[in-house]
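Under the numbering used here, the first residue of the sequence shown carries the number -12, and numbering increases by one thereafter.
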Amino acid sequence: MRQRLLTALIMALVMIPILIIGNTYQIFNLFCLVLLVFASIEFRNMLKKRNVLPLWVDVLVILLTILVGASVYMDLSDISTQYFIVVILGSMLTLFMTWIIVPEFKSADFGGALISILYISLGFASIALLRDMGIYVLVYMLLVTMLTDTFAYLFGIKFGKHRLAINISPKKSIEGAVAGLFFGGILSTVFAYFLQVFDFNIGYVLILSFGLSILSQIGDLVASKFKREAGIKDFSNLFPGHGGVMDRFDSLLFSSVYLVLLFLIIEML
C-alpha cells in the first residue's frame, strides 16, 4: 500500500504541472506521445504471450501506431489535413504486406496489430485534443473515469455480491458498477456545471456524464479481457503498485474517443 501511494504521489506531481502547462512548447502533446510509445510497447508485449514475432514487426506496428495517432491529432486539430487518408491507407497497406510476407504473422496477430494501431493511437490523440479544447474539459473527463473507478472499487469491496463479468474480471461487481456510474456521473456533472465546462444545460451534461461513465467501465473491461486472455495481471510494472500505462489509462483511452466524436458531431450539426 505504501508503494502504491508513493507512486500515485509521484505521478500526480509529474502530471499536474504538465496538465496545467498544456501545449506551451507542445509539452502536453509530447507527454501524450511518450505515453503512446509505452502503451504500444506494453500492448505488443502482451500479444507476445500468444505468438512471438520478429522484432522488426513489433517495431513496425509501434511506429505505425505513433504515425496514425499523430495524423489523427493533426487532422482533427486542423494543423494538417493533407496526409491523414494517405497515412491511414499507407499503414493498412503496410500491415497487409507484412501479413503476407511474414509466415509467423497470423490472422490473430494481424487483428492484434490493427487493434493496437486504432485503439491506442485514437485514444491518446483524443486525450491531446481534449486538452486543446481547454484544461477543464480534460479534467472533467479525468474526473468521470477516476470517480467511476474509485467508487466502483470501494462499493464493490464493501457491498459487491453479484459478479459483473466473472469470466473477465472476477472481482468486479454489479453493485460496484452501479455505484461508480452514480457517483462518477453525479460528481463530474456538478464539476462541469459550476465551472461551466460546457454550453449544454445540466440535463444534457448529466446524460453525457452517465454515458461516459458507462464507456469508461467498458474500456476497463476491454483491457481486462486482453489481460485475461494473455494470462497477465498487469500490462507492465512501469508504475509500481499501479501496473503500466495501459492499466492506468485504459478507461480514459476508451471514453475520450467518444467524447471527441460527440464534439465532432455537434460541430457538424
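Don't be surprised by glycine CBs; every beta carbon is placed ideally from N, CA and C.
In the DSSP assignment, the residues bridged to Ser156 are Ala152. Per the coordinates, the alpha-carbon of Ala164 lies some 5 angstroms from the alpha-carbon of Ala139. Closest in alpha carbon position to Leu50, among Trp86, Ser27, Asn224 and Lys36, is Ser27. DSSP, reduced to helix, strand and coil, places Gly56 within a helical segment of the structure shown.
A straight-line Cα-Cα distance of about 29 angstroms links Val1 and Phe142. No residue range can be given for Met120, since it is assigned to no alpha helix (DSSP H) and is classified by DSSP as neither H nor E. Residue pairing by DSSP places Phe226 opposite Gly230 in a beta bridge. When the alpha-carbon of Glu254 is set against those of Leu240, Gln204 and Asp186, the nearest one is in Asp186.
Per DSSP, Gly147 lies in no alpha helix (DSSP H) and is assigned neither H nor E.
In this structure Leu208 does not touch Ser243 by the C-beta definition: roughly 16 angstroms separates them, more than the 8 angstroms allowed. 8 angstroms or more divides the Cβ of Ser108 from the Cβ of Val48. The segment 102 to 119 and the segment 191 to 205 do not touch, with fewer than 3 CB-CB distances between them shorter than 8 angstroms. Straight-line spacing of the CA atoms in Tyr60 and Ser113 works out to 7 angstroms. Phe71 places its beta carbon 8 angstroms or farther from that of Trp86. Annotation for Leu22: Phe111, Val232 and Phe236 place their beta carbon closer than 8 angstroms to its own, counting only its chain and skipping 5 residues before and after.
CA-to-CA, the gap between Gly206 and Leu240 works out to about 8 angstroms. Approximately 6 angstroms separates the beta-carbon atoms of Thr(-6) and His229; this is inside 8 angstroms, confirming the contact. Rounded to the nearest whole angstrom, the CA to CA distance from Gly172 to Val46 is 39 angstroms. Under the criterion of beta carbons closer than 8 angstroms, Glu162 and Phe178 do not qualify as touching, at roughly 24 angstroms. When Cβ pairs closer than 8 angstroms are counted between the two stretches, the segment 121 to 139 is seen not to touch the segment 75 to 86, the count staying below three.
Nearest to Leu130 by C-alpha distance, out of Lys93, Leu168, Ala100 and Ser160, is Leu168.
Shown here, Arg37 sits in coil according to DSSP, grouped into three states, outside any helix or strand. For Tyr123, the CB contacts under 6 angstroms within the same chain, skipping 5 residues up- and downstream, are Leu182 and Val184 in chain order.
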